[in-house]
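In this note's numbering, the protein residues as written are 4 to 144. All residues carry an ideal CB built from backbone N, CA and C; glycine is no exception. The structure appears right after this line, and notes come after that.
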């Protein structure tokens, strides 16, 4: 599988994220996904001039599949994300939370569907051509 088109975010783990067994609590993963997504949107959108992608989005759906427990440790965990679908008025981000070394080990696979929202007009909006171009850089990784 080609991972070159993926955005990589190194996510720090916090002491309070763990449960009594020393595993990262399942509820924290959605926060990690958001951190990775915001990192991608702020950096990529800014570079490509698609500034509305930073803030004008609503989460329509989350799917999270837990593959293996992640033990709390001082080192960050790797999150790779890519765009799996772009429609007229929504797009989908896929993610893997993993360690790449010494061998690839996936803890979580997830997917988020996002819809652009015009907060000034209080309504959904379509994806602009500039946004589509920005998102297309990470399609199908």
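Checklist entry - CB residue 133 to CB residue 59, shorter than 7 angstroms? => result no
Next on the checklist: So, at 7 angstroms on beta carbons, what are the nonlocal neighbours of residue 28 in its own chain, with the 5 sequence-adjacent residues on each side left out?
Outcome noted: So the list reads 20, 21, 22, once near-sequence residues are dropped.
Checklist entry - How would you label residue 11, buried or exposed, when you count the other beta carbons within 10 angstroms and need 16 or more for buried? => result exposed
Checklist entry - Going by alpha carbons, who is nearest to residue 44 out of 95, 16, 112? => result 95
Item to check | Buried or exposed by the 16-neighbour rule on C-beta atoms within 10 Å, applied to residue 98 | outcome: buried
Item to check | Alpha carbon of residue 80 to alpha carbon of residue 121, nearest angstrom | outcome: 33 angstroms
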